[in-house]
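Just so you know, we're using my numbering here: the sequence shown kicks off at 170 and counts up by one.
The beta carbon of each residue, even a glycine, is placed where N, CA and C say it ideally should be.
Working notes, structure below.
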Amino acid sequence: MTVFYKGFPQSDRNQAIKMVNVDELEERVKKVMPEAAYYYIASGSENEWTWRNNTAAFNHFQIIPRSLTDMDNPSTDTKFMGMDLKTPVMICPIACHGIAHKDAEVATAEGAKAAGALFSSSTYANRSVEDIAGATGDSPKFFQLYLSKDWDFNKMVLDAVKAAGYKGIMLTVDALVSGYREANLRTNFTYPVPLDFFTRYGKGEGMSVAQMYANSAQKIGPKDVEKIKELSDLPVFVKGIMNAEDAYLAMGAGADGIVVSNHGGREIDTAPATIDMLPEIAAAVNGRVPIILDSGVRRGSHVFKALALGADLVGIGRPFLYGLALGGAKGVESVINQINNEFKILMQLTGCKTVEDVKHADIRQINYTADNLPSNTDPAVRKPYPVTKDNQLEGTQDAVSGASKH
Ligand SMILES: Cc1cc2nc3c(=O)[nH]c(=O)nc-3n(C[C@H](O)[C@H](O)[C@H](O)COP(=O)(O)O)c2cc1C
């Protein structure tokens, strides 16, 4: 169940995870992950307001039920940038999956492939883009670039990514320096498993987050977007857009898409939730390029609202990493399926047969106090009961036909 990389414990599980929601995984993962690794994932910057508010802010929007629609069997299949996907849920780029599992990004990509989801790999991945592509063939994959000050490094990375058959680049622009993350300081977090592109380029393992960011460019402008497009010859999405002005600049520089993200609340604390900024960014983009939204997505309803408010795909970060630690590739698949199944229930209940229909669903912003109510996944309000062998859920049920109707 556990193997060691130079003394660092890594999961080697590969099993589906039983769960009723993805929030509960954050508690369960503590049993299989060292403290510094857990806090590296499960934390945000400063007082962590943005981190928490990212999820809570989805309550600012309400889904209007639709009933007399004469519709059944909704499908979560979707097409994105020419890729056929089984779900609009995607895997966000996250550094160092080796803190969660010995097979690191290879296992995550296998889980994404099994769920039919778009996978994206970080510049700070442990495993090489060639290893990941070798294990998963031509399943849909994007690559996230942290622009380095060193353009030889950028070119080496982009050449490898392109040769490995990745379908697009996400250029991250919101993390020019690391946010002030106290949890990393308290636990003296350093990346315990080497990061492939840095090993290739002769920088060693055991780097702190601050050292990693010192390598990356602290200034990025529209010209860099143009240059990355030219060098990679792939579609380039700009990740970390939180206002209309930056969306215009990205599109003006030829960006093929944008990612509305606040880095999961890890950079500017008290930055607004992504879902609150999405409507005005979507209005500025006005359908010219596709939009991905991430940060705080934990529920099918969050996916539904993001799509209805202008996103084309919706990214999840921390939950899939917990799935990876608890169940390897199959755990990642379980997490994506869980959120996708919740999403599918809502498609049925709103008369949306396709993901395209969801993009036109009726979402309102009614200003009442729903957002002050606690979530039922908050440990303080959860209603636990003894779970016995008899009342555990078995496997993953089909979301619509398998769900209780009462
Ligand atoms: C542990 C961790 C590492 C991350 N590493 C990267 C990274 O290497 N590159 C990047 O663009 N974003 C990175 N992110 C941000 C994610 O891509 C994504 O924006 C965020 O996790 C979404 O929020 P969520 O975790 O609340 O779903 C990281 C996030 C976490 C939690």
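Under DSSP, Tyr174 shares a beta bridge with Phe177.
When only Cα atoms are considered, Val342 and Val407 end up about 7 Å apart.
If you compare the alpha carbons of Leu327, Gly285, Leu482 with that of Asp253, the shortest gap goes to Gly285.
Residue burial is scored here from C-beta neighbours: Gln517 has at least 16 other C-beta atoms within 10 angstroms and is therefore classed as buried. Secondary structure at Phe358: coil, using DSSP grouped into helix, strand and coil. Per the DSSP secondary-structure output, Ser377 pairs in a beta bridge with Thr359. Uninterrupted beta strand (DSSP E) stretches at least 3 residues long and entirely within the region 220-294 occur at 247-249, 252-254, 258-260, 288-290, given in chain order.
Here the distance from the Cβ of Ala276 to the nearest heavy atom of ligand 1 is not below 7 Å.
Per the coordinates, the alpha-carbon of Gly334 lies some 45 Å from the alpha-carbon of Ile535. Annotation: the continuous alpha helix (DSSP H) that includes Met420 extends over 413-421. Taking C-beta atoms under 8 Å as the contact rule, Phe249 and Asp481 qualify, at a distance of about 6 Å. Counting every other CB atom within 10 Å of its CB across the protein chains shown gives Ala379 a total below 16, marking it as exposed. Contiguous alpha helix (DSSP H) elements confined to the region 486-521 occur at 487-518, taking only those with 4 or more residues. Under the Cβ criterion (8 Å, minimum of three pairs), the region 502-511 does not count as touching the region 206-220. Within the model, the alpha-carbon separation for Ser470 versus Leu515 is close to 7 Å. Just so you know, the alpha carbons of Ser377 and Ile427 end up roughly 29 Å apart.
Annotated as distal: Ser385 and Asn431, with beta-carbon spacing of 8 Å or more.
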